[in-house]
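Heads up: the structure comes next, in structure tokens.
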Amino acid sequence: MSDPDMEMDCTAVLADVWLMLDGECDQATRQRLQEHMDHCSPCIEAYGIEEKIKGLLSRKCGGDQAPDGLRERLRIEIHRCITVSTTVTEVVETDR
């Protein structure tokens, strides 16, 4: 995102994603989040990652309380894996 207003909105959206996943946000908040994600592929990707983390925690913890910090450690590790697997190719043309 190059638009600072959109980046600021992305920060707010990502902060509220867990409320949406847990069904703890009101209809207006859910609509605001969904409208933003409909137009922002980085946020919809982040939502998908958070959704997978929530599902994984639910399956693996079997309803038990997850240890403090587990979600954050998983999020950091997944983000690290995504960052490592992303490559950038630069093509440089020279005049001869």
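End of the sequence shown sits at 147 in our numbering; the numbers just go up one at a time, nothing left out.
C-beta: ideal position from N, C-alpha, C; glycine also.
query	result
Kindly indicate which residue of Asp73, Val142 and Thr145 has the alpha-carbon position closest to the one of Tyr98.	Asp73
Among the residues of its own chain, which have a CB less than 6 Å from the CB of Leu70, if the five just before and after it don't count?	Cys76
Just how far apart, CA to CA, sit Ser109 and Pro118?	13 Å
If you reduce the DSSP assignment to three classes, tell me which class Pro118 lands in.	coil
Apart from the five residues just before and just after Asp67, which ones in its own chain have a Cβ nearer than 7 Å to its Cβ?	Cys76, Thr80 and Leu84
Taking 8 Å as the cut-off, decide whether the C-beta atoms of Cys34 and Leu121 are in contact.	Summary: the structure shown does not reach residue 34, with the chain confined to residues 52 through 147, and so no result is reported for it.
Under the three-state reduction of DSSP, which class applies to His161: helix, strand or coil?	With the chain represented from 52 up to 147, any question about residue 161 goes unanswered, as that position is not in the structure.
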